[in-house]
Amino acid sequence: MAVSDPAIARLSNVGHHFGGTAVLSDVNLQLAAGEIVAIVGPSGCGKTTLLRITAGLLAPTRGEVSRPEHRIGFVFQEPALLPWRRVEANAHLLAASDDGSMVEQLLSVSGLADHRRKWPHELSGGMKMRLSLVRSLAARPQLLLMDEPFGALDQITRNRLHDEFASLHASQKFSALLVTHAIDEAVYLADRVLVMSGAPGRIMQEFDIDFARPRAAGLRYSPEFTSLCGAIAESLQLQAGRA
Amino acid sequence: MKQPNRRIDARRSKYVPPLVVLVVVVAGWYALAYSLDNNFASGDGSALIIPPPHQLFVGLNEATVDRIAAATWISLSTAVVGFMLAIVAGMALGIAMSVSRSLESALWPWLIAIQVTPIIVLTPIIIRVAGASFGARLTVTVLIAFFPIASNTLFGMRSVSAALHDVFTLTQASRWQRLTRLQLPAASPAIFAGLRVSAGLAVIGAIVGDFFFTRGTPGLGRLITFFFQDTRSGPMFVTALIAALIGLGFFVVVSLLRRLLVSPWHRP
Numbered sequence: 001m002a003v004s005d006p007a008i009a010r011l012s013n014v015g016h017h018f019g020g021t022a023v024l025s026d027v028n029l030q031l032a033a034g035e036i037v038a039i040v041g042p043s044g045c046g047k048t049t050l051l052r053i054t055a056g057l058l059a060p061t062r063g064e065v066s067r068p069e070h071r072i073g074f075v076f077q078e079p080a081l082l083p084w085r086r087v088e089a090n091a092h093l094l095a096a097s098d099d100g101s102m103v104e105q106l107l108s109v110s111g112l113a114d115h116r117r118k119w120p121h122e123l124s125g126g127m128k129m130r131l132s133l134v135r136s137l138a139a140r141p142q143l144l145l146m147d148e149p150f151g152a153l154d155q156i157t158r159n160r161l162h163d164e165f166a167s168l169h170a171s172q173k174f175s176a177l178l179v180t181h182a183i184d185e186a187v188y189l190a191d192r193v194l195v196m197s198g199a200p201g202r203i204m205q206e207f208d209i210d211f212a213r214p215r216a217a218g219l220r221y222s223p224e225f226t227s228l229c230g231a232i233a234e235s236l237q238l239q240a241g242r243a
Numbered sequence: 244m245k246q247p248n249r250r251i252d253a254r255r256s257k258y259v260p261p262l263v264v265l266v267v268v269v270a271g272w273y274a275l276a277y278s279l280d281n282n283f284a285s286g287d288g289s290a291l292i293i294p295p296p297h298q299l300f301v302g303l304n305e306a307t308v309d310r311i312a313a314a315t316w317i318s319l320s321t322a323v324v325g326f327m328l329a330i331v332a333g334m335a336l337g338i339a340m341s342v343s344r345s346l347e348s349a350l351w352p353w354l355i356a357i358q359v360t361p362i363i364v365l366t367p368i369i370i371r372v373a374g375a376s377f378g379a380r381l382t383v384t385v386l387i388a389f390f391p392i393a394s395n396t397l398f399g400m401r402s403v404s405a406a407l408h409d410v411f412t413l414t415q416a417s418r419w420q421r422l423t424r425l426q427l428p429a430a431s432p433a434i435f436a437g438l439r440v441s442a443g444l445a446v447i448g449a450i451v452g453d454f455f456f457t458r459g460t461p462g463l464g465r466l467i468t469f470f471f472q473d474t475r476s477g478p479m480f481v482t483a484l485i486a487a488l489i490g491l492g493f494f495v496v497v498s499l500l501r502r503l504l505v506s507p508w509h510r511p
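Following this line, the structure appears as structure tokens:
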């Protein structure tokens, strides 16, 4: 369904079950243009299902979803690169054929320009993830969905990618829905953090993140940041306890 | 200082084991040839049961060489054309079955049945459909060689990760784009594994077909039978060696293609 209101994507009373198992229940969510929303929740609460439903990869068993008809990017838990295509060709996979300069810029920003002739198997885990992000952004998405994209990376690589992602978001202004297990990642990257309950997942609490963009260098170590992370962790613990 | 040594070690580990196996095979061959009581009864090399390697070419006159050359051409052309047809048929079947589960369950039992049915049972049908000469040998070659290609194509096409399928779904890729840009490239390592098996089977098929369909110029299979019946073991073994070399050639060509097209990017 085409989006006719200011929201880029909207989920209304969305529920889903696999066979007899309810996974999501009455999820209401809207994503404004340029907004980044992070979702945290206990394992198995339906976060990935929610992303797939938002992307249109899965039809919900209940409720309505509106989303852009085109230009939806998805960054999966695994990099999902085409192993038979070199870095450059993978980066171009989803881009418009006349959008070469955009891909070049993204390769350069992500530090992959010097690796363009390599095969995916020759890249480190962090580089693969960056390439996956570049590929999705090269399509100039209106809506970017990310399923724990930094989950398999070490802390230093992850922090660097957070900053790269934030600068790409600042230049492209896409809307993003980020599923993550890392609360600090959610607080650092998002404008809002939603806490989901255990299965069947529903949105139980919402935290607004008001830190200025671009994020200050020492933000992660500030008392405000730590306190907000603590509040979200507490809420999450409560939901996990109920699950 | 250490690098040249490492290179020599690498070369050794590459070439020494095949050489050792070759020496063991030749030694075993000599041992067998000289251990048979009646192996050298005729004395002129014509009636050897198992000629030792240095006597293989005894009794190879010009007429025999011409016969072997003609038979080699027949079997080689049968194997090459049959292998090509097996690739087309095997891949088409594999792709078709990967697209439709119902087609897979309908075809799979028949494909297995064809695999396990002795060719001699199919001989009357093959003669009826393809005649008793080149077409029949070709049919046998295809029947023997297509199965590994079909099953590996099906396996490869089904092994594509769900995330990659999702990427193509999000781009609203057509079925053709999904097939040619995702599934076939992803399946190519499995397809090449099937091709390596089928390459050898195609040569076996060309020779086995020759046993059953006897019209026209004989191929290597029928020539082996002639030499066996004439107790000319030397030419018989030479003919068998040529068949083995053709099989090796097929394997090498497929391996080279794999090295060119798949090895650069594929890490199992």
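Listed in order, the protein sequences are those of chains A and B.
Just so we're aligned: the first sequence equals residues 1 to 243 in the working numbering.
Just so we're aligned: the second sequence equals residues 244 to 511 in the working numbering.
Glycine is no exception: its CB is placed at the ideal position from the N, C-alpha and C atoms.
Per DSSP, what kind of secondary structure is residue i in: helix, strand or coil?
i, result
"G448 (chain B)", "helix"
"L94 (chain A)", "coil"
"T48 (chain A)", "helix"
"A32 (chain A)", "strand"
"G325 (chain B)", "helix"
"F225 (chain A)", "helix"
"S343 (chain B)", "coil"
"N248 (chain B)", "helix"
"A9 (chain A)", "strand"
"I72 (chain A)", "strand"
"S431 (chain B)", "helix"
"V3 (chain A)", "Low local confidence applies: a pLDDT of 39 at V3 (chain A) is under 50, so the model's placement there is unreliable, with the coordinate-based value given in what follows. V3 (chain A): coil per DSSP, three-state reduction."
"I387 (chain B)", "helix"
"T21 (chain A)", "strand"
"G15 (chain A)", "strand"
"A38 (chain A)", "strand"
"D210 (chain A)", "coil"
Starting from residue i, trace the alpha helix (DSSP H) in both directions and tell me its first and last residue.
i, result
"I485 (chain B)", "476-504"
"L137 (chain A)", "125-138"
"Q77 (chain A)", "Segment: none, Q77 (chain A) is in no alpha helix (DSSP H) and carries neither H nor E."
"I362 (chain B)", "362-373"
"Q298 (chain B)", "Unbroken run through Q298 (chain B): none, as it is neither H nor E."
"R418 (chain B)", "418-421"
"E122 (chain A)", "No alpha helix (DSSP H) holds E122 (chain A); DSSP gives it neither H nor E."
"L107 (chain A)", "100-109"
Report back the beta-carbon spacing between residue i and residue j to the nearest angstrom; my notes put them in contact at under 8 Å.
i, j, result
"V109 (chain A)", "E185 (chain A)", "The pair is not a contact, with the Cβ atoms about 20 Å apart (cut-off 8 Å)."
"S12 (chain A)", "E64 (chain A)", "5 Å"
"L463 (chain B)", "I450 (chain B)", "5 Å"
"V383 (chain B)", "I362 (chain B)", "6 Å"
"L466 (chain B)", "T482 (chain B)", "5 Å"
"N28 (chain A)", "I203 (chain A)", "7 Å"
"A38 (chain A)", "A95 (chain A)", "Not a contact, Cβ separation roughly 26 Å."
"E35 (chain A)", "S175 (chain A)", "5 Å"
"S235 (chain A)", "V195 (chain A)", "5 Å"
"R220 (chain A)", "E206 (chain A)", "No, R220 (chain A) and E206 (chain A) are not in contact; Cβ-Cβ is about 22 Å, not under 8 Å."
For residue i, which option in the options has the closest C-alpha, if you only look at C-alpha atoms?
i, options, result
"F76 (chain A)", "A:V23, A:L144, A:R62", "A:L144"
"I269 (chain B)", "B:F389, B:R421, B:Q298", "Note that residue 269 (chain B) is Val in the sequence shown here, rather than Ile. Per the Cα distances, B:Q298."
"R85 (chain A)", "A:F207, A:R135, A:I36", "A:R135"
"A378 (chain B)", "B:S256, B:I317, B:L503", "The sequence shown places Gly at residue 378 (chain B), not Ala. Selected option, being the one with the closest Cα: B:I317."
"R67 (chain A)", "B:L413, B:G437, B:A429, B:S498", "B:L413"
"G46 (chain A)", "A:E35, A:A33, A:D26", "A:D26"
"V187 (chain A)", "A:A233, A:A33, A:L238", "A:A233"
"P83 (chain A)", "B:A429, B:L466, B:V481", "B:A429"
"S171 (chain A)", "A:A182, A:L161, A:L137", "A:L137"
"G374 (chain B)", "B:A274, B:T457, B:T307, B:E305", "B:T457"
"L303 (chain B)", "B:L488, B:F470, B:L504, B:V505", "B:F470"
"I434 (chain B)", "B:N248, B:G333, B:I251, B:T321", "B:G333"
"T226 (chain A)", "A:V179, A:L106, A:D147, A:I183", "A:I183"
"G271 (chain B)", "B:G325, B:V259, B:R255, B:P294", "B:P294"
Identify the continuous beta strand (DSSP E) that holds residue i and give its terminal residues.
i, result
"S402 (chain B)", "Segment: none, S402 (chain B) is in no beta strand (DSSP E) and carries neither H nor E."
"E64 (chain A)", "62-66"
"I467 (chain B)", "Taken as a continuous stretch (DSSP letters only), I467 (chain B) belongs to no beta strand (DSSP E), being part of the alpha helix (DSSP H) at 463-472."
At a cut-off of 8 Å, is residue i close to the ligand COA when judged by its beta-carbon and the heavy atoms of the ligand?
i, result
"P6 (chain A)", "Looking at this structure, you won't find the ligand COA or any other ligand, since it has none at all."
Length at least 3, wholly inside the segment 141-207 of chain A: the beta strand (DSSP E) runs in chain order
143-147, 175-179, 192-196
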